[in-house]
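These notes concern the structure reproduced below.
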DNA sequence: AACCTGACGTTGG
DNA sequence: CCCAACGCCAGGT
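Numbering (our numbering), first residue to last: 152 to 281.
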């Protein structure tokens, strides 16, 4: 049977390391994370690893989206709503289950590439409706 | 080992 | 924008 403390996989560790390093208010795709973890073509593994992260562990799983910016869970599902709530909580706008990666994507923002991360494009922390 | 499944990705119509 | 078809990889049956 399975021992209580398994999963010493270096790949899992690499993936988690990348995920926890996603800046607050930013998002990244499964494939992007896999690549950054030195595991190209292994987007599915990223999803698998996230699915095994024990609740309570401090891992920003909600910052991980599909390559097109859509939330991976079925629209309306519990996990889906939770993810939307977390993202909205840190200023990431989710519209129809989708996030604009050019706007909030980690290293995918044109303004970042052209002007640096400090470009005043993303007005963060707009509490309630102005 | 064959077959199915899925928190994925890309391409083409 | 929707959909189908592949490609890809790890686990489960």
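C-beta: ideal position from N, C-alpha, C; glycine also.
What you are looking at is a predicted structure, and each value in this text was computed from that prediction instead of being measured.
For residue 231 and residue 224, what's the separation of their Cα atoms in angstroms?
5 Å
Given a cut-off of 8 Å, decide if residue 193 and residue 169 are closer than it, judged by their beta-carbon atoms.
no
Which of the three DSSP states, helix, strand or coil, is assigned to residue 277?
The predicted model places residue 277 with a pLDDT of 43, which falls under 50 and marks its position as unreliable; any figure quoted below should be read in that light. Under the three-state reduction of DSSP output, residue 277 falls in the coil class, being neither helix nor strand.
Taking the alpha-carbon positions, what's the residue 198 to residue 160 distance?
About 15 Å.
Please name the residue in 240, 163, 258 whose C-alpha comes closest to that of residue 202.
Looking at the Cα atoms, 163 is the closest of the given residues.
Put residue 179 into one of helix, strand or coil per three-state DSSP.
strand
Between the CA atoms of residue 208 and residue 229 - distance to the nearest angstrom:
19 Å
Per DSSP, residue 216 forms a beta bridge with which residues?
Residue 216 is bridged to 180.
Are residue 227 and residue 249 close, meaning C-beta to C-beta below 8 Å?
At the C-beta level, residue 227 and residue 249 stay beyond 8 Å of one another.
Span separating the alpha-carbon of residue 237 from that of residue 183:
20 Å
So what does DSSP say about residue 297, is it helix, strand or coil?
For residue 297 there is no data in the structure shown, the boundaries of the chain being 152 and 281.
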